[in-house]
Each structure stands twice: as structure tokens, then as C-alpha cells.
Amino acid sequence: MPQFGAHAFLWIGDWNLEAGNHAIAEAGKEGFDFIEIPLLRPAEFDAPAHKSALKKAKIGSTASLVLPKDSHMPKHPKKAKAFLIQALEKVEAIESTYLCGCIAYSLGTLTGAPPTLEERQTVVEVLAEVAQEAKKRGITLGFEVCNRYETYLYNSLEDGREAVLAIRALGADNIELHADTYHMNIEEEGFLNPIVKCADVLGYMHMSESHRGLVGSGTVNWQQVFEGLAKAKYKGPLVLESFAAVNPDLAAATCLWRPPNQPPSVLAREGLKFLREGAEKAGLA
0 MPQFGAHAFL WIGDWNLEAG NHAIAEAGKE GFDFIEIPLL RPAEFDAPAH KSALKKAKIG
60 STASLVLPKD SHMPKHPKKA KAFLIQALEK VEAIESTYLC GCIAYSLGTL TGAPPTLEER
120 QTVVEVLAEV AQEAKKRGIT LGFEVCNRYE TYLYNSLEDG REAVLAIRAL GADNIELHAD
180 TYHMNIEEEG FLNPIVKCAD VLGYMHMSES HRGLVGSGTV NWQQVFEGLA KAKYKGPLVL
240 ESFAAVNPDL AAATCLWRPP NQPPSVLARE GLKFLREGAE KAGLA
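So the sequence shown is numbered by numbering that gives the first Met the number 0: it starts at 0 and just counts up by one.
Shown next as C-alpha cells:
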């Protein structure tokens with residue numbers, strides 16, 4: 000069976016010392032293998048305290064982020080690189096080995112036009128450099144693509160695959176594709192074929208419902224998702240991403256104006272059960 004993780008926003012709307020440690024404890028109590036930490040403000044992240052909380056909960060961790068608006072990589076490559084390296088230092092400090100999410104762009108930053116070749120080339124070159132810094136720390140990068148309403152740069156898994164391969168061509172072998180079923184539900188023509196077509200670079204899955212609430216209660220075709228993962232011989236983790244609280248840093252970009260109609264305990268317990276049963280039925284090993 001794969002490892003099962005949960006995004007911290009399943010329990011909390013913002014990450015600080017108290018809230019973060021609460022989410023870590025809840026993830027451990029609910030039986031998840033690890034928690035995904037939203038590293039949106041790395042300068043304020045108390046790595047020693049959270050490292051201690053992770054050990055107490057006996058779970059692992061990954062981290063994800065969104066670049067700040069003033070660090071949108073195509074426009075501000077130096078700021079973006081500096082922000083990512085600061086995040087890598089925090090990831091290393093909690094003994095985690097994975098940083099993923101919107102590492103190439105700021106959510107909600109739209110130009111009113113498609114991405115240019117120059118913009119994408121900047122992303123490839125900067126992330127190749129960041130990947131070198133990540134490798135020194137034993138960290139793998141996950142490159143996430145998001146829907147057209149949140150970014151113009153990379154929307155489909157095919158977009159992401161091309162970017163990952165271009166970055167790898169520059170010598171970075173520690174970067175892979177981070178897929179998200181919420182965004183796939185908007186952008187892809189089904190779930191099965193897109194997953195299979197990116198099997199060579201796919202390494203991280205956000206399992207998120209169409210309304211960001213309880214998985215299995217929306218319009219995501221989960222049978223296709225699990226079948227696709229099985230055919231792709233996917234070996235990475237499955238991460239439950241349900242948002243029980245509205246995060247102030249992301250509310251405008253993601254248009255999350257209200258919490259879902261289920262409390263965190265139900266989202267966590269029933270969500271993990273749903274993922275375990277789906278993975279077992281599909282024969283994921």
C-alpha cells in the first residue's frame with residue numbers, strides 16, 4: 000500500500016506554532032503516515048518546535064508552498080529562488096525530504112495572455128538551479144500544475160510533464176510531477192489517460208474532491224483515478240487535500256469563501272478510509 004498523507008488545512012486555516020502542532024497531533028491520531036505542511040511563510044516557521052511535534056506524533060512530513068505575489072518566478076526569478084531556498088532550509092531542518100506545490104508561480108497572478116516561451120524558459124532554468132540546492136539537502140521537488148483560474152503558466156499534466164523533463168534535461172534528477180485531482184477535474188479530459196501518460200514523471204498525488212470537501216461526494220471520477228494510478232504503476236504517496244478552514248493567504252486566489260459542510264474529524268476519518276479502500280481495490284502496492 001502507498002503512504003497516506005493529509006494536508007494540514009484539513010484541520011487548520013493558518014499555520015503558526017500552536018495551530019501547526021495541533022494539526023500534526025491530529026494527523027498522527029487519525030492514522031496518517033505523514034502531514035503536508037503549508038510552508039507559505041518560511042521566515043516565521045519554527046522548525047525545532049515542529050520537528051519535536053512530528054516525533055511525538057510519530058509521523059513524517061512533506062511541505063508545500065505557493066510563491067508570494069512579489070516572487071512570481073517569470074517576473075521575479077531572483078526573489079523566487081531566494082524564497083525557495085529559504086523554504087528548503089526549513090524542510091531540511093524538520094528532517095523532511097520533499098517540497099512541492101506551486102514552486103514556479105504565484106496563485107492568482109494572471110496576465111490576460113497565455114504563457115510565453117520566455118516565461119516558461121525562466122521557470123525551467125531557475126528550478127534547475129533550485130533543484131541543485133535541494134539535492135544538497137537530500138530533498139526532492141514536486142512540480143504542481145493548477146487550473147486556468149488560478150494560474151496561466153501550467154494547467155495540464157502534459158504541461159507539467161514537459162516542464163519536469165526540461166528541468167531534468169539540465170541535470171536535475173530530483174524533480175517530479177505533482178498532480179491534483181481538483182485541478183484535473185477542471186483541466187483534463189478524464190482522469191485515467193492523463194495519469195498514465197505522465198507515469199514516467201509522476202511522484203506525488205493530491206487526492207482532492209471537486210468542491211474541496213469530503214472525497215467521494217463530488218464529481219471527481221475516483222474509479223478512473225485509481226485505475227489510472229494502477230496502470231501507471233504509481234509508487235508515490237496519496238495525500239488527502241480537503242480544506243476544513245479558509246486560509247487567509249490563499250482565499251482570494253483559490254476562491255475559498257466558505258468551509259465545507261463536514262467537520263475536520265469526518266473529513267479526516269472518512270477521507271482516509273476512502274483512500275485506503277480505493278488503493279486496495281485498485282491493487283496499488
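The beta carbon of each residue, even a glycine, is placed where N, CA and C say it ideally should be.
Inclusion of Ala26 and Ala56 in the CB contact set at 8 angstroms is warranted, their separation being smaller than that value.
Look at Met206 here: in three-state DSSP terms it is strand. The beta carbons of Tyr203 and Gly141 sit about 4 angstroms from each other, so the pair counts as a contact at 8 angstroms. For the pair Thr61 and Ala165, the Cα-to-Cα distance works out to about 24 angstroms.
Counting along the chain, Asp158 sits inside the alpha helix (DSSP H) bounded by residues 156-168. The three-state secondary structure of Ala5, taken from DSSP, is strand. Take the alpha-carbon of Ala281 and the one of Ser216: they are about 19 angstroms apart. Under the 8 angstroms Cβ criterion, the stretch 62-82 counts as touching the stretch 121-129, having at least three qualifying pairs. Glu240 carries a coil assignment under DSSP once its states are collapsed to helix, strand and coil. When only Cα atoms are considered, Lys196 and Leu53 end up about 35 angstroms apart.
Annotation: the continuous alpha helix (DSSP H) that includes Glu279 extends over 263-281.
Of all C-beta pairs linking the stretch 135-155 to the stretch 87-96, three or more are shorter than 8 angstroms, placing the two stretches in contact.
For Pro259, same chain residues with a beta-carbon under 6 angstroms away, outside a window of 5 residues either side, are Gly212 in chain order.
Your pair Met0 and Glu279 checks out as a contact, with CB atoms roughly 7 angstroms apart and the cut at 8 angstroms.
Pairing Arg268 with Arg275, the inter-Cα distance amounts to about 11 angstroms. Of all alpha-carbon atoms in Phe242, Ser264, Leu39, the one lying nearest the alpha-carbon of Ile102 is that of Leu39. Within the stretch 48-90, complete beta strand (DSSP E) segments of at least 3 residues are found at 59-65, given in chain order. When secondary structure is reduced to three states using DSSP, Ile34 falls in the strand class.
Glu35 sits close to Val238, with the two beta carbons spaced by under 8 angstroms. For Thr139, the uninterrupted beta strand (DSSP E) run begins and ends at 139-143, by DSSP.
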